[in-house]
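S.K.: Top line first, the protein sequences correspond to chains A and B. For the first sequence, the working numbering begins at -9 and goes up steadily by one. For the second sequence, the working numbering begins at -9 and goes up steadily by one. Note that CB positions come from ideal geometry on N, CA and C, so glycine has one too. None of these values were measured; they are calculated from a predicted model.
Protein chains: 2
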Amino acid sequence: MRTATARAHPNIALVKYWGKRDEELILPAAGSLSLTLDGFATTTTVSLDPSAAEDRFTLNGAAASPTQSERVTRFVDLVRSRAGSSSPAVVRSRNEAPTGAGLASSASGFAALAVAAATAYGLDLDRADLSRLARRGSGSATRSLVDGLSIWHAGDDAASFAEPIDGPAMSMVIVTVDAAEKAVSSREAMRRTAATSPYYAGWVDSTAHSLREMTTACRAGDFTRVGEITELNALRMHAAIEACEPSIRYLRAGSVAVFDAVEQLRADGIEAYATADAGPNVVVISRPADAAAVAERLGGLGAVRVVGAGPGARLIPEEDCA
Amino acid sequence: MRTATARAHPNIALVKYWGKRDEELILPAAGSLSLTLDGFATTTTVSLDPSAAEDRFTLNGAAASPTQSERVTRFVDLVRSRAGSSSPAVVRSRNEAPTGAGLASSASGFAALAVAAATAYGLDLDRADLSRLARRGSGSATRSLVDGLSIWHAGDDAASFAEPIDGPAMSMVIVTVDAAEKAVSSREAMRRTAATSPYYAGWVDSTAHSLREMTTACRAGDFTRVGEITELNALRMHAAIEACEPSIRYLRAGSVAVFDAVEQLRADGIEAYATADAGPNVVVISRPADAAAVAERLGGLGAVRVVGAGPGARLIPEEDCA
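#1: Check for me: the beta strand (DSSP E) holding Phe47/A runs from which residue to which?
#2: How many whole angstroms separate the CB atoms of Ala262/A and Leu255/A, which I take to be in contact at a CB cut-off of 8 Å?
#3: So Ala173/A and Leu225/B are in contact, right, with Cβ under 8 Å, and what is the actual spacing, rounded?
#4: Where does Pro154/B fall in DSSP's three states?
#5: So, does the CB of Ser22/A fall closer than 8 Å to a CB anywhere in chain B?
#6: Helix, strand or coil for Trp8/B per DSSP?
#7: Roughly how many angstroms separate the alpha carbons of Ser134/A and Gly259/A, rounded to a whole number?
#8: How would you call Cys311/B, buried or exposed, if buried means at least 16 neighbouring beta carbons within 10 angstroms?
#9: Could you name each continuous alpha helix (DSSP H) segment of 4 residues or more that falls completely within the segment 93 to 163 of chain B, going from the start of the chain to the end?
#10: Here's a check: name, in chain order, each residue in its chain whose Cβ is nearer than 6 Å to the Cβ of Phe249/A, leaving out the five neighbours to either side.
#11: Taking its Cβ as the centre, do 16 or more other Cβ atoms sit within 10 Å of Asp45/A, making it buried, or is it exposed?
#12: Kindly list the residues whose CB is nearer than 7 Å to the CB of Ala108/A, restricted to its own chain and excluding five residues on each side of it in sequence; keep chain order.
#13: Do Ala(-2)/B and Ser347/B count as a contact pair if the criterion is CB distance below 8 Å?
#14: Just how far apart, CA to CA, sit Ala159/B and Ala207/B?
#15: Express the C-alpha separation of Pro56/B and Gly29/B in angstroms, rounding to a whole number.
#16: Could you tell me which chain A residues have their CB closer than 9 Å to the CB of Phe249/B, listed as they occur along the chain?
#17: Using only CA atoms, which one of Ala152/A, Asn85/A, His228/A and Leu17/A lies nearest to Thr183/A?
#18: What residues from chain A crowd round Glu171/B, counting only those whose CB sits closer than 7 Å?
#19: What does Glu235/A touch in chain B if you count any residue whose Cβ is under 8 Å from its own?
#20: Alpha carbon to alpha carbon, how far is Asn85/A from Thr214/A?
#21: Measuring only the C-alpha atoms, how far is Val80/A from Arg181/A?
#22: Which two residues bound the contiguous beta strand (DSSP E) that contains Leu23/B?
#23: Please return the same chain residues whose Cβ sits closer than 6 Å to the Cβ of Phe100/B, not counting the five positions on each side in sequence.
#24: So, helix, strand or coil for Leu334/B, using DSSP?
#25: Under the rule that 16 or more other beta-carbon atoms within 10 Å means buried, what is Asn50/A, buried or exposed?
#26: Whole angstroms is fine: what's the gap from Gly300/B's alpha carbon to Thr26/B's?
#27: How about Val272/B: is its C-beta nearer than 8 Å to some C-beta of chain A?
#28: Taking C-beta to C-beta, are Val165/B and Asn271/B nearer than 8 Å?
#29: Does Arg182/B come within less than 8 Å of chain A when only Cβ atoms are used?
#30: Hey, does Glu178/A have any beta-carbon neighbour from chain B nearer than 8 Å?
#31: My assumption, with CB atoms under 8 Å, is that Ser343/B sits in contact with Ala(-6)/B. Please give the rounded CB distance.
#32: Would Gly138/B be called buried (16 or more neighbouring beta carbons within 10 Å of its own) or exposed?
#33: Over what stretch of residues does the beta strand (DSSP E) that includes Ser83/A continue unbroken?
#34: Please report the straight-line C-alpha distance between Val216/B and Ala198/B, rounded to a whole angstrom.
#35: Pull up the distance between the alpha-carbon of Ala169/A and that of Asp147/B, whole angstroms please.
#36: Pull the bridge partners of Ser276/B from the DSSP assignment, please.
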């Protein structure tokens, strides 16, 4: 029985992925750029079990839901078809992200699964191949193959993978203002944005433009410009989503309170910039030296945790993931 | 010495005016629809004073600022040129809107000024003419010539005036969450939206579409649909503004708290819908029978005042506006 274990971390986009050009291949409408984090790891072991009737998937020691299991099986089917294998697998995954931290576990989850499954099934894939493969599980997983700052290129199947990009040092303060599960999933909201938001075309165009500006700012190590582009791109994503019919407002009063406080931090001379994924929680970037002060100032608005740049998905020695 | 006094009220748009096709003529990029309120009147007396060297403008008994005075003189110049007069005027205006209520006094101000000045200078204008004239002072003043629900047509100078439209009965609960003067004026924000927001074209198109839907809903007396269109159009306006570079966030945490509370009101079976002009304060529409309950529920989020449909700008017997 062949087995492999991999670990991956979530990433927070500075230029957001929001909208697909191709639903099946998960090709993004525009490129994006993110920081892979050094916390909230997902560790996944894939073990081939030719004698089993079907795949089995456990998450944090418990059987996963039928929806989760089906999504994992669809992904492992891709790996099996490339490997010419028909063997079912046992997939055991452990996720360190606290429920409701607002960190999509699908990015770390499919990045870890891509590395572990490719290895267990004997595929010989380089890092770009693994990034392309992870993409098929969840778009944002594409970027979690990369250490630290990661740029995911738009384009066709071959061109659409993530690779490292240099940039200024930064810390992220994650502010969890609401730990409840969101009412509308990212997948559904992304579809509704493309179908009903009058701002979707403008969003895609402006994001492609922002990514070019962000690339320049990263290469120049220009933290201020990176921060400005980050916050504007996040506001534009939420603006495009809020313009859906019916509207989806992920940013609630508690979320906007963090954006307001970050504006005040800047007025007080501490450079911080806010971003938020498809949910109420807010992530604030700052220079590493300012992170403690930022966390202190935002502590009254939610649970705060400071994180930095972490490694891309990789194999680790096998351990117990049950 | 000829003199005339007029009174006008502010209006709250259900389909917003945000963007000009022509800055000089103040032709809107799309039509809009509003309710003229029954409170916060502006009362203005215009008295010709041929012996004066220049116009004099007093606001609530005090000399107006140079910027305000210049704007009034530019408007009276329009009236003078049509009347073939060169007489300066004394303009005395009294505004009942409390400072910071978030009610643009320029709508009631220029509506009252248009009626009083046209009369004092002897122009014979019908209501559509007066609406066109008020437009030259401030776009939203166009609609304050009309009783209750008012639709302002886009189009060229001749076509762009407001007229009444039937609709369901409704009340408005004005929630003042922040009485401070806003940091970016509507005029500047409107210009920045047109110049830098990637969503401006989508905003203009979707507003024209929403106005057609709103017209149908009003004529059908369909309060629910009127409310849905109102809230979505407001969110889209703020989304287009937030997407500016640099971003302008008029809706602060306290504003979004009202949108959140209104969503909860609906979940609890009370039909209410939120809108907001270019500032932090929020206006909530409901059926008249629900207004007291809505005001009660929102009372913790700011100063509340319930208003209803009011009259369009009109002449009143002269009184002391000093």
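M.R.: Quick answer:
#1: Counting from one through the first sequence, the residue named residue 47/A turns up at place 57. First-last of the beta strand (DSSP E) with Phe47/A: Arg46 to Leu49.
#2: As a first step, residue 262/A must be located in the first sequence, where it is residue number 272. As a first step, residue 255/A must be located in the first sequence, where it is residue number 265. Between Ala262/A and Leu255/A, the beta carbon gap of about 5 Å places them in contact (Cβ cut-off 8 Å).
#3: One-based indexing of the first sequence puts residue 173/A at position 183. One-based indexing of the second sequence puts residue 225/B at position 235. That pair is no contact at about 16 Å.
#4: Working through the second sequence from its first residue, we reach residue 154/B at position 164. It is a strand residue.
#5: Along the first sequence, one-based indexing puts residue 22/A at 32. No - not a single Cβ of chain B is within 8 Å of the one on Ser22/A.
#6: Numbered from its first residue, the second sequence carries residue 8/B at position 18. Note: Trp8/B maps to coil in three-state DSSP.
#7: What you label residue 134/A is simply residue 144 of the first sequence in a count that begins at 1. What you label residue 259/A is simply residue 269 of the first sequence in a count that begins at 1. Cα to Cα, Ser134/A sits roughly 32 Å from Gly259/A.
#8: As a first step, residue 311/B must be located in the second sequence, where it is residue number 321. Because the pLDDT of Cys311/B is 49, which lies under 50, any placement of that residue in the model is unreliable, and the number read from its coordinates should be weighed accordingly. By the 10 Å Cβ count, Cys311/B comes out buried.
#9: 95 to 110 and 117 to 127
#10: Position 259 of the first sequence, counting from 1, holds the residue named residue 249/A. Excluding positions up to five away in sequence, the list reads Ala264.
#11: Taking the first sequence and counting its residues from 1, one reaches residue 45/A at position 55. The residue in question, Asp45/A, is buried, as its Cβ has 16 or more Cβ neighbours within 10 Å.
#12: Position 118 of the first sequence holds residue 108/A. Val69, Leu115, Leu120 and Leu123, listed in sequence order.
#13: Here chain B covers residues -9 to 312 and nothing more, so residue 347/B does not appear.
#14: By 1-based counting over the second sequence, the position of residue 159/B is 169. By 1-based counting over the second sequence, the position of residue 207/B is 217. So the alpha carbons of these two residues sit roughly 12 Å apart.
#15: Along the second sequence, one-based indexing puts residue 29/B at 39. Along the second sequence, one-based indexing puts residue 56/B at 66. Whole-angstrom Cα-Cα distance: 28 Å.
#16: Position 259 of the second sequence, counted from the start, is the residue given in the question as residue 249/B. Going along chain A in sequence order, the residues near Phe249/B (Cβ under 9 Å) are Arg239, Arg242 and Ala243.
#17: Walking along the first sequence from the start, residue 183/A turns up at place 193. For the residues Ala152/A, Asn85/A, His228/A and Leu17/A, the minimum Cα distance to Thr183/A belongs to His228/A.
#18: Residue numbering aside, residue 171/B sits at position 181 when the second sequence is read from its first letter. The premise fails here: Glu171/B is roughly 17 Å from chain A at the closest Cβ pair, so nothing lies under 7 Å.
#19: The sequence position of residue 235/A within the first sequence is 245, counting from 1. What Glu235/A touches in chain B: Leu222.
#20: Start at 1 with the first residue of the first sequence, and residue 85/A comes out as number 95. Start at 1 with the first residue of the first sequence, and residue 214/A comes out as number 224. Whole-angstrom Cα-Cα distance: 33 Å.
#21: Translated into positions along the first sequence, residue 80/A becomes position 90. Translated into positions along the first sequence, residue 181/A becomes position 191. Cα to Cα, Val80/A sits roughly 32 Å from Arg181/A.
#22: By one-based count along the second sequence, residue 23/B stands at place 33. Element bounds for Leu23/B: Ser22 to Thr26.
#23: Your numbering for residue 100/B matches position 110 in the second sequence. Hits under 6 Å: Ala124, Gly127, Ser128 and Ala131.
#24: The structure shown does not extend to residue 334/B, since chain B is modelled only from -9 through 312, so no value can be given for it.
#25: Locating residue 50/A in the first sequence gives position 60, counting from the first residue. With fewer than 16 other Cβ atoms within 10 Å, it is exposed.
#26: Residue numbering aside, residue 300/B sits at position 310 when the second sequence is read from its first letter. Residue numbering aside, residue 26/B sits at position 36 when the second sequence is read from its first letter. Gly300/B and Thr26/B have their C-alpha atoms some 5 Å from each other.
#27: Translated into positions along the second sequence, residue 272/B becomes position 282. Output row for Val272/B: interface = no.
#28: As a first step, residue 165/B must be located in the second sequence, where it is residue number 175. As a first step, residue 271/B must be located in the second sequence, where it is residue number 281. Yes. Within cutoff.
#29: As a working mapping, residue 182/B is identified with position 192 in the second sequence. Answer no: the Cβ-Cβ gap between Arg182/B and chain A never drops below 8 Å.
#30: Walking along the first sequence from the start, residue 178/A turns up at place 188. Glu178/A does not count as touching chain B.
#31: Nothing in the structure corresponds to residue 343/B, since chain B is present only between -9 and 312.
#32: Your numbering for residue 138/B matches position 148 in the second sequence. By the neighbour-count rule (16 or more Cβ atoms within 10 Å), Gly138/B is buried.
#33: Counting from 1 along the first sequence, the entry for residue 83/A is found at position 93. Run containing Ser83/A: Ala79 to Asn85, per the beta strand (DSSP E) assignment.
#34: As a first step, residue 216/B must be located in the second sequence, where it is residue number 226. As a first step, residue 198/B must be located in the second sequence, where it is residue number 208. Using only the alpha carbons, I get a separation of about 15 Å.
#35: To locate residue 169/A, count along the first sequence from 1; it is residue 179. To locate residue 147/B, count along the second sequence from 1; it is residue 157. C-alpha separation (whole angstroms): 53 Å.
#36: The residue you call residue 276/B lines up with position 286 of the second sequence. Note: Ser276/B sits in a beta bridge opposite Ser161/B and Ala262/B.
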